[in-house]
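Sequences listed follow chains A and B, in order. Start counting at 1 in the first sequence, then tack on 131, and there's your number in our numbering. Start counting at 1 in the second sequence, then tack on 131, and there's your number in our numbering. One structure is given below, encoded as structure tokens.
Protein chains: 2
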Amino acid sequence: MSRPPTSRERILDAFEGILIDDGERAATLEAVASRAEVSKGGLLYHFGSKDAMIDGLIDRLSARVNEDVAQIRAAEEGPIAYLLRTSVTSQSPFDRTIMACLSLAHSAHDEVRSALRGMQDAWFAVVRENVDDPVLARVITLVSDGLYFNSVLRDGGQQISADELDRLVGYLRASAAARG
Amino acid sequence: MSRPPTSRERILDAFEGILIDDGERAATLEAVASRAEVSKGGLLYHFGSKDAMIDGLIDRLSARVNEDVAQIRAAEEGPIAYLLRTSVTSQSPFDRTIMACLSLAHSAHDEVRSALRGMQDAWFAVVRENVDDPVLARVITLVSDGLYFNSVLRDGGQQISADELDRLVGYLRASAAARG
DNA sequence: GTCTATAGATAGATAGAC
DNA sequence: GTCTATCTATCTATAGAC
Numbered sequence: 132m133s134r135p136p137t138s139r140e141r142i143l144d145a146f147e148g149i150l151i152d153d154g155e156r157a158a159t160l161e162a163v164a165s166r167a168e169v170s171k172g173g174l175l176y177h178f179g180s181k182d183a184m185i186d187g188l189i190d191r192l193s194a195r196v197n198e199d200v201a202q203i204r205a206a207e208e209g210p211i212a213y214l215l216r217t218s219v220t221s222q223s224p225f226d227r228t229i230m231a232c233l234s235l236a237h238s239a240h241d242e243v244r245s246a247l248r249g250m251q252d253a254w255f256a257v258v259r260e261n262v263d264d265p266v267l268a269r270v271i272t273l274v275s276d277g278l279y280f281n282s283v284l285r286d287g288g289q290q291i292s293a294d295e296l297d298r299l300v301g302y303l304r305a306s307a308a309a310r311g
Numbered sequence: 132m133s134r135p136p137t138s139r140e141r142i143l144d145a146f147e148g149i150l151i152d153d154g155e156r157a158a159t160l161e162a163v164a165s166r167a168e169v170s171k172g173g174l175l176y177h178f179g180s181k182d183a184m185i186d187g188l189i190d191r192l193s194a195r196v197n198e199d200v201a202q203i204r205a206a207e208e209g210p211i212a213y214l215l216r217t218s219v220t221s222q223s224p225f226d227r228t229i230m231a232c233l234s235l236a237h238s239a240h241d242e243v244r245s246a247l248r249g250m251q252d253a254w255f256a257v258v259r260e261n262v263d264d265p266v267l268a269r270v271i272t273l274v275s276d277g278l279y280f281n282s283v284l285r286d287g288g289q290q291i292s293a294d295e296l297d298r299l300v301g302y303l304r305a306s307a308a309a310r311g
């Protein structure tokens, strides 16, 4: 387990880091290579073009979505609580991949948006397995989306507090218990 | 009223259009100038730098937020319904300004994020004027944020349907009537 | 107030040595 | 598998004519 990361993984980590910290425009091949501590030529050996590097990030997102859905299903506190708590950015590898893809979503890259829609659809499906009322299920997934939206605009310190998140989770779980 | 738009306004419109259609990277001075049908030099007479153009967009956002908050307060169907219905992107000038600023929010530009946070805070304050329960008020504004989040990932055709939006509005208004 | 021309920096990508 | 050197295109911004 826990081998030292390959160059390929370090490059994707660096790409994510620059996208999160400084946005899409800053994520040049040179900047990514420098942060990953390889040369531009070295980077281009692993990803033959910038588009190929973006495809690599999309593949990583898809893999992590699948792991996440399995964890939502298995969560001890229940799927609603797990989904909402993990929607407040915690700097987990999965969160970082989501935020990085989000910063690419506005560009012409349709594949990134499509992968993020797939993530949303998977989340809605898991919630529906546990919430009969489709309107309430939509409210829950939209609150989750709203928490991600806020992560884009607010740093850790300005995010929703643990207390308020607890009350939010309690409110929506109670609604689900009462209505569906 | 309804004078022909000034060059300044046409430049901001073009800037928004490119940000929405093709993302931040496509919004070069040359592309904006071309879409606004002025030369690069002509653009730089009105906005001395790209940062100045972004500041112009932020000023436009702030002005339109103020108008919107007044309209939420005056809305006949009530503030909750008005806020949620206008959170589904309708291609109104205000929506376009929001989506354009959103595509800049991931970059280093802190002022853009700050202006968007101000918008969210103003919305939350208006909702709180009409919803006593702070948790429910937070749910409502997060659903609104979630709808904007979805607008980034989905075109008009894929967005939430009018029927589902009606059910959503009905559900949250009923919750507010029952609890606060 | 709008234009053309151009400077200076930096982008993505290729070639080829090691 | 990683590097340096280099090509070409494009970016932001300035200068100065009209």
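Don't be surprised by glycine CBs; every beta carbon is placed ideally from N, CA and C. Since this is a predicted model, take the numbers as computed values, not measurements.
Problem - Interface positions of the region 173–187 of chain B facing chain A (Cβ-Cβ less than 8 Å), listed along the chain - result: none
Handout entry: Residue span of the alpha helix (DSSP H) that contains B:P135, given as start and end
Key = That residue, B:P135, is in no alpha helix (DSSP H); it is neither H nor E in DSSP.
Exercise for the section: Output yes if chain B places a C-beta closer than 7 Å to the C-beta of A:V163; else output no. Expected result: no
Exercise for the section: Just mark A:Y213 as buried or exposed, buried being the case when its beta carbon has 16 or more other beta carbons within 10 Å. Expected result: buried
Problem - At least three beta-carbon pairs within less than 8 Å, the region 185–193 of chain A to the region 264–283 of chain B - result: no
Practice task
Starting from A:V257, find everything on chain B with Cβ-Cβ shorter than 8 Å and list it in chain order.
Solution key: Simply none; closest approach about 16 Å.
Handout entry: Contact set between the region 276–289 of chain B and chain A, restricted to residues whose Cβ is under 8 Å from the partner
Key = D276, G277, L278, Y279, F280, N281, V283, L284, R285, Q289
Practice task
Starting from A:P166, follow the alpha helix (DSSP H) in both directions and report where the run begins and ends.
Solution key: The question names Pro, but residue 166 of chain A is Arg in the sequence shown. Residues 160–167.
Handout entry: Euclidean distance between Cα positions of B:D276 and B:L233
Key = 12 Å
Problem - Contact list for the region 201–232 of chain B against chain A, Cβ threshold 9 Å - result: M230
Problem - Contacting residues, own chain, Cβ-Cβ under 8 Å from A:N261 (five flanking each side not counted) - result: G209, P210, I211, A307
Problem - Counted within 10 angstroms of its Cβ, other Cβ atoms place A:A205 as buried (16 or more) or exposed - result: exposed
Practice task
Give the residues of chain A in contact with B:E155, contact being defined as C-beta atoms less than 8 Å apart.
Solution key: G154, E155, R156, H237, S238
Handout entry: For A:H177, the three-state DSSP class (helix, strand or coil)
Key = helix
Exercise for the section: Apply the 10 Å Cβ neighbour rule to B:T137 and answer buried if 16 or more other Cβ atoms are within range, or exposed otherwise. Expected result: exposed
Practice task
For B:R244, count neighbouring C-beta atoms within 10 Å of its own C-beta (all shown protein chains included) and say buried if the count is 16 or more, exposed if not.
Solution key: buried
Practice task
Work out the CA separation of B:I151 and A:S180 for me, nearest whole Å.
Solution key: 25 Å
Practice task
To the nearest angstrom, report how far apart B:V283 and B:D226 are at their CA atoms.
Solution key: 11 Å
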